[in-house]
């Protein structure tokens, strides 16, 4: 008897629910399939997360090649470049052997060579080249110590190429060429100092070799320090 009552109540409840559902769908015009879509539809939060601006950006970057902005070229003038101010700063002379010498100055004039400007060999060195004060200047030395063609660097004077000899130039003595007696006294005089032996000579020197040395492009910026015009 109790079972029948329970089944009867359950049946009545089902009828009530069906009636309620029919009433709601009729009033709201919502079908059962619409309710199923709502139940299965992702939440606003998850949808927003799935299609956030970041994801759109990620997709756009994958589909479109980025156009990078090229940096503007910057030009630096030569006045802004800080370089060596002397040959000593430009060249590492520590790589060369050193020698201690006594250096004096000489000219092509009679006071040094006994020759006057009208002499046929005036200004001509023992090697045959003309005396020269330049990036590579002609100097005199004891040829038994420093053969003709030997290149040395004399701090405070510059490069010197052994091209001449002298009766008073013996041992570790050298004579540096200057254009005038005034230059000898004002710019040099007599000094004892260390020089760098850049290259040992082979006993000969030509004008072509000397000119080639003086045309060294890397040293032209320092030429005005040697040739004071």
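Numbering (the numbering used here), first residue to last: 19 to 247.
We put the CB at the ideal spot given by N, CA and C, even for glycine.
All figures in this text were calculated on a predicted structure; none of them were measured in a lab.
Which residue or residues does DSSP assign as beta-bridge partners of residue 249?
-> The shown model of the chain, from 19 to 247, leaves out residue 249, and the question about it has no answer.
Could you tell me whether the Cβ atoms of residue 190 and residue 108 are closer together than 8 Å?
-> As a first step, residue 190 must be located in the chain shown, where it is residue number 172. As a first step, residue 108 must be located in the chain shown, where it is residue number 90. No, they are not a contact pair.
Is residue 130 helix, strand or coil by DSSP?
-> Here residue 130 refers to the residue found at position 112 when the chain shown is read from its first residue. Helix.
If you compare alpha carbons, which of 110, 145 and 201 is closest to residue 219?
-> Here the question's residue 219 lines up with position 201 in the chain shown. Taking only the C-alpha atoms, the option nearest residue 219 is 145.
How is the alpha helix (DSSP H) around residue 6 delimited, first residue to last?
-> Since the displayed the chain opens at 19 and closes at 247, residue 6 lies outside it and no answer follows.
Output the distance between the C-alpha atoms of residue 30 and residue 24, rounded to the nearest integer angstrom.
-> One-based indexing of the chain shown puts residue 30 at position 12. One-based indexing of the chain shown puts residue 24 at position 6. Cα to Cα, residue 30 sits roughly 10 Å from residue 24.
Measure the beta-carbon distance from residue 156 to residue 143 and round it to whole angstroms, keeping in mind my assumption that it falls under 8 Å.
-> Walking along the chain shown from the start, residue 156 turns up at place 138. Walking along the chain shown from the start, residue 143 turns up at place 125. About 6 Å separates the two Cβ atoms, so the contact holds.
Under 8 Å between C-beta atoms of residue 125 and residue 198 | For this step, residue 125 is matched to residue 107 along the chain shown. For this step, residue 198 is matched to residue 180 along the chain shown. In contact: residue 125 and residue 198 (Cβ atoms closer than 8 Å).
Unbroken alpha helix (DSSP H) run spanning residue 237, endpoints = Locating residue 237 in the chain shown gives position 219, where the first residue counts as 1. Note, residue 237: premise wrong, no alpha helix (DSSP H); not H, not E.
Using the C-alpha atoms, what's the distance from residue 212 back to residue 154?
-> In the chain shown, residue 154 corresponds to position 136, counting from 1. In the chain shown, residue 212 corresponds to position 194, counting from 1. The straight-line gap from Cα to Cα measures roughly 18 Å.
Going along the chain, which residues of its own chain have a beta-carbon closer than 8 Å to the beta-carbon of residue 237, five neighbours each way excluded?
-> On the chain shown, position 219 is the one that residue 237 refers to. Within the same chain, residue 237 has close Cβ partners 105, 108 and 153.
Between which two residues does the beta strand (DSSP E) carrying residue 263 extend?
-> One cannot answer for residue 263 here, as it falls past the ends of the chain, which runs 19 to 247.
Can you tell me the Cα-Cα spacing of residue 138 and residue 101, whole angstroms?
-> The residue you call residue 138 lines up with position 120 of the chain shown. The residue you call residue 101 lines up with position 83 of the chain shown. Distance between the alpha carbons of residue 138 and residue 101 is about 44 Å.
Alpha-carbon spacing of residue 215 relative to residue 170, whole angstroms = Numbered from 1 along the chain shown, position 197 holds the residue referred to as residue 215. Numbered from 1 along the chain shown, position 152 holds the residue referred to as residue 170. Cα-Cα distance, rounded: 4 Å.
Is residue 167 closer than 8 Å to residue 112 when the C-beta atoms are compared?
-> Along the chain shown, one-based indexing puts residue 112 at 94. Along the chain shown, one-based indexing puts residue 167 at 149. No, the Cβ-Cβ distance between residue 112 and residue 167 is not below 8 Å.
In whole angstroms, what separates the C-alpha of residue 159 from that of residue 183?
-> Translated into the one-based positions of the chain shown, residue 159 becomes position 141. Translated into the one-based positions of the chain shown, residue 183 becomes position 165. Approximately 5 Å, taken between the alpha carbons.
Could you give the distance in angstroms between the alpha-carbon of residue 172 and the alpha-carbon of residue 195?
-> By one-based count along the chain shown, residue 172 stands at place 154. By one-based count along the chain shown, residue 195 stands at place 177. So the alpha carbons of these two residues sit roughly 12 Å apart.
Would you report the Cα separation of residue 147 and residue 103, rounded to the nearest angstrom?
-> Along the chain shown, one-based indexing puts residue 147 at 129. Along the chain shown, one-based indexing puts residue 103 at 85. Residue 147 and residue 103: Cα-Cα distance of roughly 30 Å.
From residue 6 to residue 110, what distance separates their C-alpha atoms?
-> The question about residue 6 has no answer, for the chain in this structure spans 19 to 247.
Through-space distance from residue 207 to residue 175, alpha-carbon basis = Taking the first residue of the chain shown as position 1, residue 175 is located at position 157. Taking the first residue of the chain shown as position 1, residue 207 is located at position 189. Approximately 11 Å between the Cα atoms of the pair.
So what does DSSP say about residue 155, is it helix, strand or coil?
-> The residue labelled residue 155 in the question sits at position 137 within the chain shown. Here residue 155 sits in strand by DSSP.
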